[in-house]
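Q: Residue numbers (the numbering used here), protein chains in the order written: chain A, 206 to 784; chain B, 206 to 784.
One structure, pasted below without further comment.
Following this line, the structure appears as C-alpha cells:
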C-alpha cells in the first residue's frame, strides 16, 4: 500500500522522459503500463493553465508526528491478551490510522501533518480480543476508533485535537476471515476486517458473490461498508449494503450485541441490527456480519451508449429507471468526464487506430455529435445469458428513442474499470498543484438537472470570487438509478500554484457546493457518509428533536463516550477540523 | 365494521336452512352469496368431531366495560383544540380500541371483556392536534396508544391492567388523506391513518399503486404498516414496507421527528427514520409518510400449480427463489390447506361441473395425485405483458421439473382472493367452539421442512397432552420467498366444547409451537410483529446488551414513558396478559 497516496504502491501516474503521462505496474488493464499522450494536454486545457510538468511538488511525507499520549493503564490491561506485535506506537502507523482520503487529509499527510493522530494502534485477532479492548477502554478511559480500509472521504478517521483521553485505533485487518459459507441458503458469515477484494476472491472460488462493489472495493472492508451505509456500483442487481446485510455482531460499550439466529426477514419490534447501518464507528466495533450471496452471473457484458447532450442522456436514464429490471450498472458521464475518458486512452495503433478514427469521423461528422457536448452511458449487464440478451435489446431500443448511439462493449468495460484506476489520478494531479476530490448526493429525478446546474454554477462563481488561477474543473456522473431519483457523483478540482491557502479555498468551495446541493433538494450524501466533514449539515435536514434523539440513542449505549469518532452536534467545536 | 368480529359487517359465514354454510353480502366474488356444501362436512372431518351445527355459541357482546379512569386535566387541556366529538368515553368505542384479533381477544370480547380498556378515545384531525395531544399527555401524565386499523394479532392494543395512569387511544382515522402525489418521482405523501383500500383506490385513479398488500390491506393503515414492519403479498414485485418507505413524520414525546427533504437513498450516519420501522407504537405517533409508487401493471395474471407432495412443492419454491425475477406473489399451501380451498368451493353446475369432475378424475386417477397428499401453489404475475408471458413460461417449466401440473388461472385467483374472505371464517368457527388463529415465521430454506414438521408434531403432542377433544387442525403455507429463506404461515385450530379453559390451552399450545419455531431456527415473526404476545421471546434471540439498548433508546426519546404500549422487558409483569 502507498503510505501517502491512494491504493497499491505498484500503481502510480507518472511522467515519462518524453513528457507524457504513463501508469506504472500491471494491475489495471488498459491503463497500467500504458502511455497516455492526450492526458497532459487535456489537463492543461481543462484547468486553463499551461502548467509545466517538471514542477512536480515533492511529497514531504512523512510529516512530523507528535509523541503519543501515554496510556499505561490501558496498555497494561491489553497486554494481558495481546501479543507485543499487536500494539504499536510507531509514528507512520499512527499517522496512517489518523486519516482518510480527503484533499485536506492527503495534503496534510504530505506537508504539515495532523494536529492529532491515534496514540496507539492495536490489531485484535478475534472477537474476544475486541471485547477485551472495549473492557480495557472503559476501565482506563481511552477512546477507541475502529479502522477498516482507511478509504473514507469524510474525515471519519481524523482525531479530535481537543480529545484529552488517549486515542486507540482498532485496526481490523487481522479479522478478515470468511467464517462460513452456506451455499444452500446463500449466506456467509464474514469477519468485519475482510476487504472487498478478498471477499470477492474467496466467494468466487465457490461460484458465489456478495455483488457489493463500491468504487473502493479493492481496499474497503465489510465493517466499513456497514458503518458507512455503502452502495455498490451493481446495486441494481444485488442491492445496497442494507439489502445484503442479514445479521451483524458488534462489540459495544454495553457489551456484545448479537443474535442467536439469522433469518431472511423479520418483524421483531425495535431492531438494533438495522441501527448499526451508518453508525460510522460511534456505536461500537462491528466484528462480523452475515451477508446475502448470489451465484456468479452466467453472463457478464459491458456496453456503452453516446448521446448528443447531457439532457438527452438524463432523459434516457429516467426512462430506464421506470423499467422493472435494470442492468447491474448504468452510469451517465457528462461531457467533461466523457472527454476525460477519451484523454485517458492510450495511443491506438494500426487497424484499431483506423477504425477508431473512422468511427470518430462518422460520429462527429455526419451524425452530428459535438465533441464538446456529447455524453456517454456505460453499462454492465449480469445474469442468465437469455436475460442479458433481452435486457440489452431493451436498453439499446430505449437509448435510440433518445437519440443515443451504441458505443461498443470495450468502451463500456473501460469506463467501468477506470473507476478503480482513476482513483490514483488525484494523487498525480495533486503533485502538480491541482487539488481535486469527489462528492456525491442523491436527489429526486425532477430536481437532478437543476441540482447539477446550480452546483456547477456555484463552483464557478466561488472559484471566481476567490480569484483562483485558471478555471475550475467540475464534472459529474449519474451513478445509481432508483425509481424515485438518482445518485449524482461530482468531481471538483482547480489549479492552486501560488494560492496562499488552497486547501482552505477547496473546502470553502466544497461547502458552498454542498449548501447548493441541499438547497436543490439533494441529500448530504448518497453513500460516502457524513463523518466529521459533513456532520454539521445533519442539522440542516433533521428537526431538532430528531438530532437530539440521534445523539441520545448513542449515549444510551455508550454513556462514557469511548467511541468518540464524532463530536456531539450540540458541541461548539463542530465543525472545527477542515479548512 | 363488525363490532365483535373481523372486518365488514356485511360479510359473515352463516348456516342456511338446509344446514349448509353460506356467506352473506357481495363483497368477495366466489364466496359472498355462495352456498358452500362441502365446508361443514370437511370441518367435522378435520377436527375429528361430528359437531352439531345448531349449537352456535351466542356472542355475549358487548361485555362489561369498567368506568373510565378520570383524567380531567388532560381533558381540559385537549378540549382547547379538539371539538367535543373528537373525544369520547363511550364504552363500545373504548372496547374496540382495546383489542386486536387474537383468539383470546375475540373470545374476551364476546364473553368476559378485558381487565382494562382505554379510558378515552380521541380523533385528531391534523398533525397540530396530534402535537397538542402529546403535549397534553406529557403535562398531565397520561398514556397514549396510537390506533390504526385495529387488525393486529399481537395484543398490541391490549391495555396493561396495572397501568395507573389514564390510557388514551389515539384513533388516526381522521388523518387518512393523500397529501400529494408526485407521479414524476413516483412518490406520495400520505397521512398515517389512511387504510389500504383507500390508498389503493385513490392511487389507482392516477394509474399508480404502492404495491403493498398485506392480508389485512382492506383495513390496516399506513401508520400501522410502518409500526409493525409489514410485508405485502406482492413483495417480490414491490418490496416490503422498509423498501417502500422513503420518509416518515412522527410526533414523539421529545417533539416532532421530521426531515426537510425526501431523497431516493442516502448515507447520513445514524438514521432515525429507519428506527421507526417496527416501533409498534412505543416511540410516538406516525402522522404521515412518503412512500414509493409504481405504475399499475399493464398485465395481471393469476395461475396455479399442483404438486404430488409438499416436499416437491417446497423444492420448486426453493428453485424459483434462485431466479432473479419472481412473480409478484407465489404461495405454496400444504395438503390440508389445499383441501380447505376445495371445501370452500361453491357447488359447480352444468358444464363447469363436468369439466371439474373430469379434471379431478384425470389428476387423481391416471396422473396419480393423492387427494390426501397433493399441494398447490398460487401465483400472481404483474408487469409488462411480454415480461409476464416470459415469466409464466419459466415458472411452469420449472414446476414441470418438479412434477408440477398447471392448475389454471381461476384456481390461482381464487386462492389469492380467499385470503381476504377467509379472515371471516375464524369468527364463524369460533361460534362453533373451534378456536383458531394464525402465526407466522421466517426461516432459512434448509430449515423450512424441518421447522414445519417439528411445529406440526409439537402441536399434535400438546393437543394430546391436554386431552383435548378430537384432532388439532394445523396447516401451513409458504407465503414469501427470499434468496435466503421463506416465510411460513401457520393456521392452528381445535374443537373446544366442554374444555374448561380453551383459550388458556390455545395460548399454551401456541407458545409451545413458537418455542419449537425458534428452536428450529425460525424468527419470532416475519411480519405480524411482537406486540405484547411475543415480546418475551425477544429475550431468546437477542443478547442482553441488545435487549437493554433496545429499551434505553426508547427511554431516550420518551423518558416519561407516555407511549407505554409495551412494558419494558426487564419488568416482572412480562408476559402477564395472555392465557
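The C-beta atom is built at its ideal place from N, Cα and C for all residues, glycine as well.
Assign residue 782(A) to one of two classes, buried (16 or more other C-beta atoms within 10 Å of its C-beta) or exposed (fewer than that).
A: Since pLDDT at residue 782(A) reaches only 49, below the 50 mark, its modelled position is unreliable, and the value read off the structure follows with that caveat. Looking at its Cβ environment, which holds 16 or more other Cβ atoms inside 10 Å, residue 782(A) is buried.
Q: Count the other CB atoms within 10 Å of the CB of residue 277(A); is the residue buried (16 or more) or exposed (fewer)?
A: It counts as exposed.
Q: Return no unless some Cβ of chain B is closer than 8 Å to the Cβ of residue 634(A).
A: For residue 634(A), the answer is no, since every Cβ of chain B falls outside 8 Å of its Cβ.
Q: Show which residues of chain B have a CB atom less than 7 Å away from the CB atom of residue 430(A).
A: Simply none; closest approach about 11 Å.
Q: With 8 Å set as the bound, which would you pick, yes or no: does the beta-carbon of residue 592(A) sit closer than that to a beta-carbon of chain B?
A: Judged by the 8 Å Cβ criterion, residue 592(A) is in contact with chain B.
Q: Listing by chain order, which chain B residues have their CB less than 7 Å from the CB of residue 461(A)?
A: By Cβ distance, chain B contributes 748 and 750.
Q: Does the Cβ of residue 206(B) have 16 or more other Cβ atoms within 10 Å, making it buried, or fewer, making it exposed?
A: It is exposed - the Cβ of residue 206(B) has fewer than 16 other Cβ atoms within 10 Å.
Q: Go through its chain and collect everything with a Cβ distance to residue 426(B)'s Cβ below 7 Å, but skip five positions before and after it.
A: 353, 354, 377, 397, 398, 399 and 400.
Q: Less than 6 Å between C-beta atoms, sequence neighbours within five positions excluded: which residues of the same chain meet that for residue 657(B)?
A: So the qualifying residues of the chain are 681.
Q: By the criterion of Cβ-Cβ separation under 8 Å, what are the contact partners of residue 433(A) in chain B?
A: What residue 433(A) touches in chain B: 472.
Q: How many angstroms separate the CA atom of residue 594(B) from the CA atom of residue 449(B)?
A: Straight-line Cα distance between these residues: approximately 26 Å.
Q: Quick one: Cα of residue 560(A) to Cα of residue 264(A), how far?
A: Straight-line Cα distance between these residues: approximately 42 Å.
Q: To which residues of the same chain is residue 459(B) closer than 6 Å at the C-beta, ignoring the five residues directly before and after it?
A: Hits under 6 Å: 762.
Q: Can you tell me the Cα-Cα spacing of residue 305(A) and residue 612(A), whole angstroms?
A: Each residue's alpha carbon lies about 36 Å from the other.
Q: I need the straight-line Cα distance from residue 571(A) to residue 581(A), nearest angstrom please.
A: So the alpha carbons of these two residues sit roughly 18 Å apart.
Q: Classify residue 211(B) as buried or exposed, calling it buried when 16 or more other Cβ atoms lie within 10 Å of its own Cβ.
A: By the 10 Å Cβ count, residue 211(B) comes out buried.
Q: What does residue 151(B) touch in chain A if you count any residue whose Cβ is under 7 Å from its own?
A: No information on residue 151(B) is available, as it lies outside the stretch 206 to 784 that chain B covers here.
Q: May I ask which residues mark the beginning and end of the alpha helix (DSSP H) holding residue 351(B)?
A: Taken as a continuous stretch (DSSP letters only), residue 351(B) belongs to no alpha helix (DSSP H), being part of the beta strand (DSSP E) at 348-352.
Q: Just checking: is the beta-carbon of residue 413(B) within a distance shorter than 8 Å of some beta-carbon in chain A?
A: By this cut-off, residue 413(B) is not an interface position.
Q: Considering residue 536(A), what are the terminal residues of the beta strand (DSSP E) in which it resides?
A: Taken as a continuous stretch (DSSP letters only), the beta strand (DSSP E) holding residue 536(A) covers 534-538.
Q: Could you check whether the segment 535-542 of chain A touches the segment 672-687 of chain A, counting it as contact only if at least three pairs of C-beta atoms, one from each stretch, sit closer than 8 Å?
A: Short answer: they touch.
Q: Rounded to whole angstroms, what is the Cα-Cα separation between residue 361(A) and residue 697(A)?
A: Roughly 20 Å between the two C-alpha positions.
Q: Can you tell me where the alpha helix (DSSP H) holding residue 595(A) begins and where it ends?
A: It spans 590-606 - the alpha helix (DSSP H) in which residue 595(A) sits, taken as one unbroken run.
Q: Mind listing the chain A neighbours of residue 452(B)? Cutoff is C-beta to C-beta under 8 Å, in chain order.
A: Neighbours of residue 452(B) on chain A: none; closest Cβ ~11 Å, over 8 Å.
Q: For residue 716(A) versus residue 663(A), is the C-beta spacing smaller than 8 Å?
A: Contact: no.
Q: If you follow the beta strand (DSSP E) that residue 385(B) is part of, which residue opens it and which one closes it?
A: 383-387 is the span of the beta strand (DSSP E), which, as asked, contains residue 385(B).
Q: Run down chain B in chain order and give the residues with a C-beta less than 9 Å from the C-beta of residue 302(A).
A: Within 9 Å Cβ-Cβ: nothing; residue 302(A) doesn't reach chain B, min ~21 Å.
Q: Please report how far the alpha carbon of residue 756(A) lies from the alpha carbon of residue 774(A), in whole angstroms.
A: Taking the straight line from one Cα to the other gives about 8 Å.
Q: Three-state secondary structure (DSSP) at residue 846(A)?
A: Only positions 206 to 784 of chain A appear in the structure, and residue 846(A) is not among them; the question remains open.
Q: By alpha-carbon positions, which one of 749(B), 640(B), 627(B) and 770(B) ends up nearest to residue 232(B)?
A: The option with the nearest alpha carbon to residue 232(B) is 627(B).
Q: Do you know offhand how far residue 320(A)'s Cα is from residue 747(A)'s?
A: Each residue's alpha carbon lies about 31 Å from the other.
Q: Starting from residue 250(B), find everything on chain A with Cβ-Cβ shorter than 7 Å and list it in chain order.
A: Under the 7 Å cutoff, chain A gives no residues; its nearest Cβ is about 35 Å from residue 250(B).
Q: Leaving out five residues on either side along the sequence, give the residues of the same chain with a beta carbon under 7 Å from the beta carbon of residue 630(B).
A: Once the five neighbours on either side are set aside, the close Cβ partners of residue 630(B) are 218.
Q: If I follow the unbroken beta strand (DSSP E) through residue 615(B), where does it start and stop?
A: Taken as a continuous stretch (DSSP letters only), residue 615(B) belongs to no beta strand (DSSP E), being part of the alpha helix (DSSP H) at 614-627.
Q: Please report the residue range of the alpha helix (DSSP H) in which residue 468(A) lies.
A: Taken as a continuous stretch (DSSP letters only), residue 468(A) belongs to no alpha helix (DSSP H), as it is neither H nor E.
Q: Whose Cβ in chain A lies nearer than 8 Å to the Cβ of residue 504(B)?
A: Here the premise fails: no neighbours, minimum Cβ distance about 12 Å.
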